[in-house]
Amino acid sequence: MNELLNNLRPLFSGEVFLLMLVMGSYLLGVYIYKRTKMSFLQPLLISMLLIIPFLKMTGIDYKTFYEQTRILNFMLGPSVVALGYVLYEQIEHVKGNIISILTSVFIGSVVGIVSVMLIAKLFGADKMLISSLAPKSVTTPIAMSLAEKNGGIPALTAAFVVICGIFGGFIGPIVLRLIGVRSKIARGLAMGSASHAIGTVRAIEMGALEGAISGLAIGIMGVMTAFLIPFIEMFF
Amino acid sequence: MIKGSFFILLFYFLGEVISKLLNGFMPGSVIGMVLLFLSLFLKIIKPDYVKSTSIVITNNMAIFFVPAAVGLMAYAGLLSDSLIAIVFAIGISTVLTMISVAFVQERFEKRRTKKEEKQS
Chain A
309 MNELLNNLRP LFSGEVFLLM LVMGSYLLGV YIYKRTKMSF LQPLLISMLL
359 IIPFLKMTGI DYKTFYEQTR ILNFMLGPSV VALGYVLYEQ IEHVKGNIIS
409 ILTSVFIGSV VGIVSVMLIA KLFGADKMLI SSLAPKSVTT PIAMSLAEKN
459 GGIPALTAAF VVICGIFGGF IGPIVLRLIG VRSKIARGLA MGSASHAIGT
509 VRAIEMGALE GAISGLAIGI MGVMTAFLIP FIEMFF
Chain B
61 MIKGSFFILL FYFLGEVISK LLNGFMPGSV IGMVLLFLSL FLKIIKPDYV
111 KSTSIVITNN MAIFFVPAAV GLMAYAGLLS DSLIAIVFAI GISTVLTMIS
161 VAFVQERFEK RRTKKEEKQS
């Protein structure tokens with residue numbers, strides 16, 4: 309009996325089981341998210357919170373898990389490229405506003421990167437943590453590749469991006485109301501620039517135009533942040 | 061699906077090539093995204109080539125983050141040590157980003173409506 313169990317053991321740290329674990333935990337996450345409608349219960353977060361204890365309990369180390377689920381990680385790259393199509397689809401919404409949109413997202417990108425790095429530094433965070441925080445307002449796959457390129461830790465960045473999205477999605481509509489922003493384009497841009505896809509979900513709730521513009525802002529913010537971080541990092 | 065995958069990988073690859081030539085200044089995937097967008101915008105390739113594949117991939121994007129996000133388990137100590145710095149930095153910065161973007165965009169729009177009023 310024990311021998312049988314020992315023979316089965318490698319199966320549980322293999323590709324098939326671990327990929328199934330990711331899919332299964334994620335599906336469960338989607339289910340919980342849809343049932344509860346609570347924006348902080350992102351499927352990604354739930355999946356993470358299920359997998360981490362499982363790996364700890366079974367003693368499967370992260371390196372093994374990462375190698376066996378490599379194919380999912382690989383897909384991050386193509387999914388960023390595919391955003392180019394999404395951007396193209398939304399471009400018709402912005403005719404006549406291109407310059408103002410590019411300017412406001414550019415300024416938002418500078419403010420976002422500089423402020424997060426500066427505040428973290430004031431609190432005595434080290435270089436690696438600061439670099440992991442810098443791309444926090446950008447959609448996860450872009451943020452993670454930026455962290456990797458600039459000396460941060462992609463896993464930390466992934467967590468920060470989710471925190472930033474959840475917080476911004478929650479606080480965004482309140483802040484925009486408090487400062488009295490009425491323009492639909494401005495509201496959509498603010499949500500997407502500060503809180504990427506999670507902010508966009510809230511922007512869609514505000515209206516279709518806000519949602520589309522917010523989606524557009526994710527892409528522009530991604531490109532601008534990728535461009536700006538190497539320059540801003542020089543000052544830190 | 062295969063056509064879409066081919067074109068997405070093609071733009072990804074071109075992005076990687078340019079990224080290497082720029083000494084890794086920007087991730088290849090981001091450059092690939094810009095190239096795909098420009099090719100569609102300038103009508104170099106047809107939207108139909110990449111439409112269905114792009115939609116499938118981007119609609120389910122979050123699952124691709126799971127392997128990297130689970131990597132957080134290795135950094136639990138670091139996270140709890142710097143929790144206050146992280147929470148303040150992200151919270152304040154997110155609100156500042158939001159306000160600056162909305163403010164600048166609204167300024168532009170107001171200036172334009174004023175101009176239009178003057179003209180009429």
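Protein chains in written order, with the working numbering: chain A, 309 to 544; chain B, 61 to 180.
Built from N, CA and C at the ideal position, the CB exists for glycine as well.
Cβ of residue i within 8 Å of any chain B Cβ
{"i": "residue 443 (chain A)", "result": "no"}
{"i": "residue 343 (chain A)", "result": "no"}
{"i": "residue 495 (chain A)", "result": "yes"}
{"i": "residue 483 (chain A)", "result": "yes"}
{"i": "residue 352 (chain A)", "result": "yes"}
{"i": "residue 388 (chain A)", "result": "yes"}
{"i": "residue 381 (chain A)", "result": "yes"}
{"i": "residue 501 (chain A)", "result": "yes"}
{"i": "residue 431 (chain A)", "result": "yes"}
{"i": "residue 392 (chain A)", "result": "yes"}
Three-state secondary structure assigned by DSSP to residue i
{"i": "residue 325 (chain A)", "result": "helix"}
{"i": "residue 489 (chain A)", "result": "coil"}
{"i": "residue 139 (chain B)", "result": "helix"}
{"i": "residue 521 (chain A)", "result": "helix"}
{"i": "residue 104 (chain B)", "result": "coil"}
{"i": "residue 448 (chain A)", "result": "helix"}
{"i": "residue 536 (chain A)", "result": "helix"}
{"i": "residue 474 (chain A)", "result": "helix"}
{"i": "residue 165 (chain B)", "result": "helix"}
{"i": "residue 82 (chain B)", "result": "coil"}
{"i": "residue 498 (chain A)", "result": "helix"}
Interface flag, residue i vs chain A, CB-CB below 8 Å
{"i": "residue 100 (chain B)", "result": "yes"}
{"i": "residue 140 (chain B)", "result": "no"}
{"i": "residue 176 (chain B)", "result": "no"}
{"i": "residue 93 (chain B)", "result": "yes"}
{"i": "residue 173 (chain B)", "result": "no"}
{"i": "residue 62 (chain B)", "result": "no"}
{"i": "residue 104 (chain B)", "result": "no"}
{"i": "residue 151 (chain B)", "result": "yes"}
{"i": "residue 137 (chain B)", "result": "no"}
Legend entry - Contact set between the segment 315-330 of chain A and chain B, restricted to residues whose Cβ is under 7 Å from the partner: 330
Inset, instruction - Write down every uninterrupted run of the beta strand (DSSP E) in the segment 367-430 of chain A whose length is 3 residues or greater and which is fully enclosed by it, in chain order. - result: none
Legend entry - Chain-ordered residues of the segment 77-90 of chain B with a beta carbon less than 8 Å from chain A: 84, 85, 86, 87, 88, 89 and 90
Inset, instruction - Return the residues of the segment 102-134 of chain B that lie within a Cβ-Cβ distance of less than 9 Å from chain A, sorted by chain order. - result: 107, 110, 111, 113, 114, 115, 116, 117, 118, 120, 121, 122, 123, 124, 125, 126, 127, 128, 129, 130, 131, 132, 133 and 134
Inset, instruction - Using a Cβ-Cβ cut-off of less than 9 Å, give me the residues of the segment 159-170 of chain B that come near chain A, in sequence order. - result: 159, 160, 161, 162, 163, 164, 165, 166, 167, 168, 169 and 170
Legend entry - Selection of the segment 454-475 of chain A by Cβ proximity to chain B, strictly under 7 Å: 454, 457, 461, 462, 463, 464, 466, 467, 468, 471, 472 and 475
Inset, instruction - Within the segment 332-369 of chain A, note down every full alpha helix (DSSP H) run reaching 4 residues or more, in order along the chain. - result: 351-366
Inset, instruction - With 8 Å as the limit, tell me which residues of the segment 512-529 of chain A have their beta carbon closer than that to any beta carbon of chain B; keep them in chain order. - result: 525 and 527
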